[in-house]
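Quick notes on the structure that follows.
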Amino acid sequence: MNNNRRLIRQTLTIARRDFMATVFTPLFLLFLLSPLLMVGFALVGALGGSTIARGTADKDRIIAFVSSDDGAAMLAADKRLRRIFRRAEAPPALFIEPAVEDVEAQARAAFVTKQYDAAAVLYGPLDHPQIFYGSQSGRASSYLAQLAEQALRDRASGGKAALSVATKIPITRTVPSKSGHNQSAFLAVTGIFFLTLFLSGQAVGTMAEERSNKVIEILAAAVPLESVFLGKLLGMFGVAVLFVTFWGVLIMQAGSFVPGGGARLIAEIGPAVGFPTFVVLFFAYFTMAYMLLGAVFLSVGAQASTMREIQMLSLPITIVQMAMFGLASSAASQPGTALATFAEVFPLSSPFAMAAHAANQPEIWPHLLALLWQLLWVAITIVIGASAFRRGVLKSGSGRKPFFARFSRVAVRDPIDIGVS
Amino acid sequence: MASDWAIKATGLVKRFGDRRVVDGVDIAVPTGAIYGVLGPNGAGKTTTLRMLLGIIEPDEGSRTLLGHANPREASDQIGYLPEERGLYPAMNAREAIAFMGALRGLNWKEGRKRADELMEAAGLGHAVDEKIRKLSKGMAQLVQLLGSVVHKPDLLVLDEPFSGLDPVNQERLEKLILAERDRGATILFSTHIMSHAERLCDRLAIIAGGKRRFEGTVAEARGTLPQRVHYVPHHEGDGLKALLPPDAIREQDGWGFVMPETGVEAILVRVIEKGHGICGLSIERPGLHDAFVKIVGRAALEPAQ
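And the structure:
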């Protein structure tokens, strides 16, 4: 049989075994539905958080110790201005209190009462008001000042109806905005990051099964280790694709219920290469990110001899992923800079940064180069990983010490013997 | 084109650190033969087999398997049972056998069909759907062995195949090895249990201290030791010892000595003439076990490398 065909067949045999062994277990269902658990926990957390926030917001208030006329003018101004704020960003509710003789003392006392939390307090004439405010309530104090200004303007205009009556016409952009490109770039980086964070980390422990079951000897005798590594990576990638497809279909179905406003928003954040191409490139870069990071994790994990060592690797793995995310995010927000170019060329961040590139720049050819470059690094990583496994675990190296050990007097741990007599 | 040699290896060397675990081993396995690699624990048998199969690369020397300098190119024609048995516990026996066949180029459907046939023939038909984790150690070992022959290999390499098997399964395994040979396969196996080697091997090599100490047939191995004579006189007497060869020693019910080059007849004539008579006489051919102990013992006396 042709050697390449044999390698492909052997690789796919390993991939098939790993895919089936992972998917046809009850635990896979838990894995598949784990985002529901995450969403559930997030909802519970958000519910708790919003309850706390609402409780705090209910207690917060801004107060004006002014005459009833000034108070009425300020309330009218507040009613109009408050409409421009989103609910979560709105200033605390305005309360008008009659001023007593020592109004300054009255205003100071508002900050020590336990009946409410005063964010900012205004007293004195509206043309020269005095405003006290808490350490985190600078914006509330500005709002109070603006209310005083607006109340006086309203009074100066003689309480007429609005001087300007605008007609608002919604426009749907036919060309995505610059900031929309940036947003889609960031979404692409974040999407690939989360998918690889959830999925590629699994690769770290896949060789542990073969080592603990001693199956590695059977595999190593029949199949080149490079094929074993690639097969295992493809098997786990198959699992990842199943996961992504399942959730992708669900999210797309849910997306069909998004109202027209949502569709307009999506049009605004359109990527530079266009949506269909972007979807293809997104999947291609997700594949490359998975394969690259998975190959690194698989190679490093294959050197670990116990589950404890594998668990110890999870922290550095997450840190590496976070670092790549940070680098690619920076590149996404600064397209065309040296930092962006570095992130696009550095192998581990390249898939993330190039997905952002697709959102920011319309050219296609850099993606073909980038995919080839990333594919090359997948191959290099697998070859290095297999070689390290052969030397360190199968003891197939020569009697020479490992490269770094030659420069160090630190004792190098003996490789694991998996059956040498 | 069929070659005279299924395996030909010369000067294989493997170092682990400063230790030469295998030190210049030559092995030539004739096509169609059952060939044993014998040696004590730690002799370098497994390392030699792993080098032959390409699992690890030799530091020096060369090897040819089924006419291929690179063992990987002959991968689909080789079956291998490693010393450390390994199967996926969650697979059932049929899938485990088919998987091992698939690694060697057999398609899954055919692999499953042959797995059923092999399991039936090995008396394990009832366990074909059982998960590996539910099988006894001996049964799992047989399943693995069946997995190594499911693709009908031209060369079968078995590393300590009998270890851990009860006598019934050992006999099953011997029959399976002979059946594979009858099918036309070449079999190379390592062991330190002499009885199996004595019954099965056409040729064998004895390895000790990483070096090959002997190569030849079982008869030639046994021929490295002289025959021993055990003589029981009718009447003991003071002069009897003087009539026997100088190396004669008192044994439980008589005397034992190495068969002289001239034969035992002259001695017997002398003891009869002097009235000691012959109550019992046996000429014992040394077994492979004795030859092995002698060869390996001699190697142990050599200074360590």
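Protein chains in written order, with our numbering: chain G, 27 to 447; chain R, 120 to 424. Glycine included, every Cβ here is placed at the ideal spot set by N, Cα and C.
- Beta bridge pairing from DSSP links H349(R) with G375(R) and S401(R).
- For Q156(G), the enclosing beta strand (DSSP E) stretches over residues Q156 to Y159.
- Counting C-beta pairs with one atom in each stretch, the stretch 405-414 of chain R and the stretch 382-397 of chain R have fewer than three that are closer than 8 Å, which means they do not touch.
- Residues are counted here when their Cβ sits less than 8 Å from a Cβ of chain G; for the stretch 221-246 of chain R these are A221, L222, R223 and G224, given in chain order.
- Rounded to whole angstroms, the Cβ separation of R213(R) and R231(R) is 5 Å, and the two are in contact under 8 Å.
- In this structure, the alpha-carbon of F323(G) lies about 34 Å from that of Q279(G).
- The beta-carbon of P250(G) is placed less than 9 Å from the nearest beta-carbon of chain R.
- Taking 9 Å as the CB threshold, D409(R) stays off the interface with chain G.
- Residues of the stretch 174-185 of chain R with a Cβ closer than 8 Å to any Cβ of chain G, in chain order: I174, I175, E176 and D178.
- Separation of the CB atoms of A324(R) and L407(R) is rounded to 13 Å, and the pair is thereby denied contact status at 8 Å.
- In this structure, DSSP gives A324(R) an extended state, which the three-state scheme calls strand.
- Uninterrupted beta strand (DSSP E) stretches at least 3 residues long and entirely within the stretch 280-349 of chain R occur at 305-310, 322-327 and 330-335, given in chain order.
- Residues of the stretch 195-219 of chain R whose Cβ lies closer than 7 Å to any Cβ of chain G, in chain order: D195, Y199, P201, E202, E203, R204, G205, L206, Y207, P208, A209, F218 and M219.
- The count of Cβ pairs closer than 8 Å, one atom from the stretch 395-410 of chain G and one from the stretch 307-314 of chain G, reaches three, so the stretches are in contact.
- In the structure shown, K127(R) falls within a strand segment according to DSSP collapsed to helix, strand and coil.
- For L254(R), no Cβ of chain G is located within less than 9 Å of the residue's own Cβ.
- Around L323(R), no beta-carbon contact reaches into chain G at under 7 Å, the shortest distance being about 17 Å.
- Annotation for G274(G): no residue places its beta carbon closer than 7 Å to its own, counting only its chain and skipping 5 residues before and after.
- For the options A174(G), P373(G) and F137(G), the alpha carbon positioned closest to that of S161(G) is the one of F137(G).
- By the Cβ test, the stretch 237-256 of chain R is in contact with the stretch 204-222 of chain R, since at least three Cβ pairs between them sit closer than 8 Å.
- CA-CA distance, G224(R) to R138(R), rounds to 37 Å.
- DSSP, read as helix, strand or coil, puts D44(G) in helix.
- Nearest in C-alpha terms to V144(R), of all of K330(R), M170(R) and R233(R), is K330(R).
- Following the DSSP letters along the chain, one finds D96(G) inside the alpha helix (DSSP H) bounded by residues S94 to L107.
- Taking every protein chain shown into account, the CB of L55(G) has fewer than 16 other CB atoms within 10 angstroms, so this residue is exposed.
- As DSSP reads the structure, D86(G) sits in a beta bridge with D143(G).
- Close to I343(G), with beta-carbon spacing below 8 Å, lies no residue of chain R; the smallest spacing is near 25 Å.
- Look at Y169(G) here: in three-state DSSP terms it is helix.
- Between K85(G) and chain R, the shortest Cβ-Cβ separation is not below 9 Å.
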